[in-house]
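If you read the sequences in order, they're chains A and B.
Counting from 1, position 669 in the first sequence corresponds to residue 975 in the working numbering; the numbering is continuous, with no gaps.
Counting from 1, position 178 in the second sequence corresponds to residue 192 in the working numbering; the numbering is continuous, with no gaps.
Written below as structure tokens is the structure these notes are about.
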Amino acid sequence: MKRLLERREFILSALAGAAACTRQPREPIVPWGASPEAGAPEEPLYFATATPLGGFGLGVLVKSLAGRPVKVEGNPEHPASLGATDAFAQSWLWSLYDPGRAQTITYNGRPRAWADFTEWLRRALQERRARQGEGLHILTQTVTSPTLAWQISELLDAFPAARWHQYEPLSRDPARQAARRAFGRDLHTVYRFDRAECVVSLDADFLAQGAGSVRYARDFMRKRPRLMAVETMPSPTGSKADERRPASPTEVETFSFALAANVGLLPAAGPDDGAARWARELMRHRGASIVVAGDQQPPSVHLIALAMNHRLGNLGRTVQLTEPVEALPALELASMGELVRAMEGGDVEMLVMLGGDPVRDAPADFDFGAHLREVKLRVHASHYFNDTSRLADWHVPEPHPFESWSDIRAFDGTVTIMQPLIAPLWEAKSFHELLAAMRGRADLSGYELLREYWRGRAYGLFLRAGRSLASEEEFEAFWRRCLHDGFVAGTAAEPLAVEPRPDLVALLEPPGRAAPLEISFRPDATIWDGRFAGNAWLEELPKPITKLTWENAACLSRATASRLGLASSDVVELRLDGRAVEAPVLVVPGHADGAVTVTFGYGRQGTGFDAGRLRTSTSMFSSGGLELRKVGRRHALATTQEHHRMEGRPLLGGGRPAGARPPADGYAWGMLIDPAACTGCNACVIACVAENNIPPVGPAEVLRGREMHWLRIDTYAEGPEEALEFVHLPVMCLHCENAPCEPVCPTGATVHSAEGLNEMIYNRCVGSRYCANNCPYKVRRFNFYRYADHGTAVRRMLYNPEVTVRTRGVIEKCTWCVQRISAARIAAARSGRRIRDGEIVTACQGVCPSEAILFGDLNDPESRLSRLLAARQTAGLLEQLGTRPRTRYLVRERRDG
Amino acid sequence: MPQILPPSANLAVRLALVGAVTAGAALLWLFGAVDRSSWVTRAGAAPAQPVPFSHKLHAGGLGLDCRHCHTLVETSPGAGMPATKTCMHCHSQVFSDVPLLEPVRVAFEEDRSIEWVRVADLPDFVYFDHSIHVRKGFACVTCHGRVDQMPVVEQPVALTMRWCLDCHRNPERYVRPLEQVFSMSWEPEGDPAAVGARLARELGLRRPTDCSFCHR
């Protein structure tokens, strides 16, 4: 029966007019002057480059649309990436279009030209040339760039009395010290989790932190070795452990000694059942086990790990030692110490600081800022005008990695030549150009410098491969090959056959008794050492386990909190060696008793507290003797822990009501998620943000539960405190076949497609929010304000043109990257074929290091998805409600014993 | 207490009530009418362009294929607008000194773009793809009209969603043989309904009305 007035006609006749009485402005079409070779402006181009972190590179392919970089994907051929990325690599897009970056060369805060700077530089260096460069000091972060290292060594040749210092706040000093003690030289460690059967982590977050973590997570999750972890603060790695033991920093060390004793390396100190069991497990897998010591562990723990790997026959098999990847491996704390002592002694006349923010980052007792003021000539180059820049005479903006030429090495030594995708948005000079200017060659561009270095280097590489580099054409082919592939073939560090000295651990002093309260300093899971502070994409990521956004907290265990009479959100004063800082408390399940974990890097942009103010050269990563005093105030923490709760219903395995199968013709999209593989690393969340133009909302709105992330990772901790089991559950719109959101929408703005997508049509949405109310999974997000930045021109460059930028008053949610489905459907239909299995990769699936997400066609019985669904036991979330979600979860197979 | 309002006030209230409802309805009708009007949809409007390019002369008179200039129409979402260099391929030889083409010559010499005014403009929340429409047998002329007869190009129909859906629901009414997609003047031989049904079958046409095909 035909209704008197169809809904569509009603809307057409009246409401649409009222809603859309704006007239579209006339828009220009701007064609090329001359068409480039690249083709259509809508066709994406991918450029292979790398994103840096702590000196190490991660190979990526950056998608460029009409000359704008709009998305970062992993480089499938790069050994550190294998197609995946971490959250940091994704975040570089936000900073590319960040108008807060330093935009001009300044002298004492006033804009100056590059020529002014180079002239000043020439004069300053001329004075010092006569004295062999005495008084000239250069401070860099960890350098793996072969070209930069070559330039620095050339500079040091010209100024033999000049000094080069390296410092990263998250140095890998303890591992370097251990290698030097064990082998008498610097060595680099690469783990082969693809060969491991049994892994012990000594507070090492190898699945989510460090240069190799993306690759390690892939290898680990494909192999799934047994994992036993001892750690202070629950980490993504610890959350995947078959057996997890919370321990304060001293206890971690004590436990390492006990473990060593149980494999016969040390005389037994005291009985420890856990250590004995873990040691037995390790010894059952000789040659196929790994003991990993965390980067923030003291040298003794690194030595024990080395000695155990040696004793277990893992060296050369699962634990490979190579030549160092750093250009000049240095004990960075000592290197910084030398610089500070030289500054104290008045020996530093000119200090050139390339990158970093040492005024903030250097140990508090070094008082770097005060000493820096005494230096006569100060130059600083960095992305942002930070505290160090303020104290420098000259500040030179550092170009973004997607704006400049450079090179960098990955965790295994593989070199990537980093190529720009876009001309610098603002004035910037790369470190290469700055160093060239110091050598009097201010005219050379980064490109020319890179080419000059690699022209020389290519001869060696060709020679090693048994070929000769005869002509310029051959170099050109080599250069193009490197840029195309995203890495320089044959530059990975070869494993070395080295033997540690025999008396490795015999001389080690076991730690004393643990102090009543210890403090542990950790890199932040979102802003790292503070270098990403202000990056809203990262700041708003809920940190793994704590789900804290925009700030840090003093994390401690439930037992310690109740012993000290504290609860989450209480503000306390942390006091260590006479230095104090105020911080809000956060009780974290699974945290070790008797310890407080803080992350540094905060306190710069008005959010969080600066834990770096407590950190001294003697307590770089942990310390005893922490005093804690309740201040009496409370601070609301912007954590998303309790947001979007599913009302305590049984989540998985609630039974499955019968229902009809999807239609058998056409496509029927589906997704499978493996919670057992998910480490909660957040790469998928930020990839979704980047792909789908999801705006950050800021801490105040997060506190109101209004974060916009389409994809969230729910973390559950079950069981007794000392043996908690963590489960990470990535939850986005599950595209229910029987979706509760659809019938309640008054305007038909959310409907079902023939291919099984639960569609969200923004231009129909009037913002009633009934759908969000009726969604049992709480995956729908509402634009309470106009969160997306429509106004700032440079910010608008960030948006993916394939996805609508939403405005105020509409609901949005995961679309399964419908733009990627459409693109694949059109490409397939154009050539008259079906979409191939694996042709559509959602943004979250593409970047996942542990391959926890799979998208595919249910109507294709040969698709990977169909085959896995047939072979493995799966469950739908809250299936008992009869929603028939298309996204299903693999049921975890428990490992006993 | 005396009455404040006289009995005639009842009538005034009744009239006011009726008037309010009528005025509300009229306002709604007005909104709808304005929204569908050619003032909003710009149907039939022929905006002035920086260069008085005549499709009538180029496509009609000279018989240039659409793809001579709109090169990307078979492979990409946008049809592709000709680069300045494309114009100069011919106009460096013919009419190389007429004053009307001065903006083209200047743009070419300075390697700049000519900023055309967009005539067929969809809202930003609509994702249209030329390549798939062309590949499925839908002709340029179906949406853009007889540009070969337009001295100044105009949008002949209002690009409303109702208009899109008319074709998406009844593709057999508009489909053509693939070799006639770029023709301006093709007419089906025989019964149009039978030809359309046959073509739709041969080309495997569906009736795509899923929202997310166009809105995402």
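Beta carbons: idealized from backbone N, C-alpha and C, even for Gly.
Less than 7 Å between C-beta atoms, sequence neighbours within five positions excluded: which residues of the same chain meet that for residue i?
i: B/Val1; result: In the structure as shown, chain B begins at 15 and stops at 230. Residue 1 of chain B is therefore absent and cannot be evaluated.
i: B/Trp43; result: none
i: A/Asp511; result: Ser541, Pro542, Thr543 and Gly600
i: B/His69; result: Val161, Asp162, Met164 and Val167
i: A/Glu1108; result: Gln1125
i: A/Val646; result: Phe672, Phe674 and His677
i: B/Lys150; result: Leu217 and Leu219
i: A/Arg1131; result: Ile1141
Anything in chain B within Cβ reach of residue i, meaning under 7 Å, just list it in chain order.
i: A/Arg1136; result: Ser145, Ile146 and Arg149
Measuring only the C-alpha atoms, how far is residue i from residue j?
i: A/Ile444; j: A/Leu882; result: 31 Å
i: B/Val189; j: B/Val133; result: 24 Å
i: A/Gln330; j: B/Ile128; result: 22 Å
i: A/Ala798; j: A/Val721; result: 7 Å
i: A/Gly323; j: A/Thr1193; result: Here the model assigns A/Gly323 a pLDDT of 49, short of 50, so the residue's position is not dependable, and the following value carries that caveat. Whole-angstrom Cα-Cα distance: 38 Å.
i: A/Arg590; j: A/Val506; result: 13 Å
i: A/Ala484; j: A/Glu638; result: 14 Å
i: A/Arg919; j: A/His677; result: 16 Å
i: A/Arg1086; j: A/Gly415; result: 46 Å
i: A/Pro816; j: A/Arg679; result: 42 Å
i: A/Gly1203; j: A/Ala983; result: Because A/Gly1203 carries a pLDDT of 44, less than 50, the predicted location of this residue cannot be relied on, and the following value inherits that uncertainty. Rounded to whole angstroms, A/Gly1203 to A/Ala983 spans 20 Å at the Cα level.
i: A/Ala993; j: A/Gly389; result: 13 Å
i: A/Arg869; j: A/Val902; result: 13 Å
i: A/Gln725; j: A/Leu789; result: 7 Å
i: A/Ala670; j: A/Glu933; result: 17 Å
i: A/Ala873; j: A/His897; result: 14 Å
i: A/Tyr1093; j: A/Glu1013; result: 10 Å
i: A/Thr985; j: A/Leu513; result: 7 Å
List, in order along the chain, the chain A residues whose C-beta lies closer than 8 Å to that of residue i?
i: B/Thr98; result: Pro337, Trp338, Gly339 and Ala340
i: B/Ser52; result: By Cβ distance, chain A contributes nothing, its closest Cβ being about 11 Å from B/Ser52, past 8 Å.
i: B/Arg230; result: Glu1108, Val1109, Thr1110, Thr1121, Val1124, Gln1125 and Ser1128
Who are the Cβ neighbours of residue i in its own chain at under 6 Å, not counting the five residues just before and after it?
i: A/Arg1018; result: Val1037
i: A/His706; result: Leu402
i: A/Val545; result: In the sequence as presented, Val is not what sits at residue 545 of chain A; that position holds Ser. So the list reads Phe1032, once near-sequence residues are dropped.
i: B/His84; result: Ala93 and Gly94
So which residues of chain A does residue i contact, with C-beta pairs closer than 7 Å?
i: B/Met95; result: Ile335 and Pro337
i: B/Cys80; result: Neighbours of B/Cys80 on chain A: none; closest Cβ ~15 Å, over 7 Å.
i: B/Ser127; result: Val336, Pro337, Trp338 and Gly339
i: B/Cys157; result: The premise fails here: B/Cys157 is roughly 16 Å from chain A at the closest Cβ pair, so nothing lies under 7 Å.
For residue i, which residues in chain B fall below 8 Å Cβ to Cβ?
i: A/Ala346; result: Leu86, Thr89, Ser90, Pro91, Gly92 and Gly94
Find out if the Cβ-Cβ distance for the pair residue i, residue j is shorter than 8 Å.
i: B/Asp52; j: B/Gly58; result: Here residue 52 of chain B turns out to be Ser, not Asp, going by the sequence shown. For B/Ser52 and B/Gly58, yes; Cβs fall inside 8 Å.
i: A/Ala553; j: A/Val536; result: yes
i: A/Ala743; j: A/Thr1110; result: no
i: A/Leu1183; j: A/Leu854; result: no
i: A/Ala481; j: A/His616; result: no
i: A/Asn1080; j: A/Pro1046; result: yes
Closer than 9 Å by beta-carbon distance: list the chain A residues that pair up with residue i, in chain order.
i: B/Thr182; result: Rather than Thr, the amino acid found at residue 182 of chain B in this sequence is His. Neighbours of B/His182 on chain A: none; closest Cβ ~13 Å, over 9 Å.
Enumerate in chain order the residues of its own chain whose CB-to-CB distance from residue i is below 8 Å, with the five nearest sequence positions on each side excluded.
i: B/Val209; result: Pro202 and Glu203
i: A/Thr852; result: Ala859, Cys861, Leu892, Val894, Thr945 and Gln947
i: A/Gly836; result: Pro475, Asp663, Arg666, Asp667, Asp830, Phe906, Gly907, Tyr908, Arg910 and Gly918
Name the chain B residues that come within less than 9 Å of residue i, Cβ to Cβ?
i: A/Arg1132; result: A small correction: the amino acid at residue 1132 of chain A is Ile; Arg does not occupy that position in the sequence shown. Chain B residues near A/Ile1132: Pro91, Asp143, Ser145, Ile146 and Arg149.
i: A/Arg289; result: No answer is possible for residue 289 of chain A: the residues shown for chain A start at 307 and end at 1203.
Using a Cβ-Cβ distance under 8 Å, would residue i count as near chain C?
i: B/Val189; result: In summary, chain C is missing from the structure at hand, where the protein chains are A and B.
field: Residues in the stretch 129-154 of chain B having any Cβ partner in chain A nearer than 8 Å
entry: Per Cβ criterion, the list reads Glu129, Trp130, Val131, Arg132, Asp135, Pro137, Asp138, Phe139, Tyr141, Asp143, Ser145, Ile146, Arg149 and Lys150.
query: When Cβ atoms are compared, which residues of the stretch 349-381 of chain A fall closer than 7 Å to chain B?
result: Residues of the stretch 349-381 of chain A with a Cβ closer than 7 Å to any Cβ of chain B, in chain order: Glu349.
- prompt: Going along the stretch 1093-1119 of chain A in order, which residues come within less than 7 Å of chain B, judged by CB to CB distance?
  reply: Against chain B - using a Cβ distance shorter than 7 Å - the residues of the stretch 1093-1119 of chain A are Val1109 and Thr1110.
Interface residues of the stretch 1053-1069 of chain A facing chain B [CB-CB below 8 Å]: Contacts with chain B (Cβ-Cβ distance below 8 Å) from the stretch 1053-1069 of chain A involve Val1057, Ser1059, Ala1060, Glu1061, Leu1063, Glu1065, Ile1067, Tyr1068 and Asn1069, listed in chain order.
- request: Report the residues of the stretch 109-123 of chain B with a CB closer than 8 Å to any CB of chain A, ordered along the chain.
  value: Using a CB distance below 8 Å, the part of the stretch 109-123 of chain B facing chain A consists of Ala121 and Phe122, ordered along the chain.
query: Which of the residues in the stretch 1151-1163 of chain A, read from start to end, lie with their CB under 8 Å from any CB of chain B?
result: Result list empty, no residue passes.
message: Output needed in chain order: residues of the stretch 61-81 of chain B with a Cβ under 9 Å from some Cβ in chain A.
response: Under the 9 Å Cβ criterion, the stretch 61-81 of chain B contributes Pro61.
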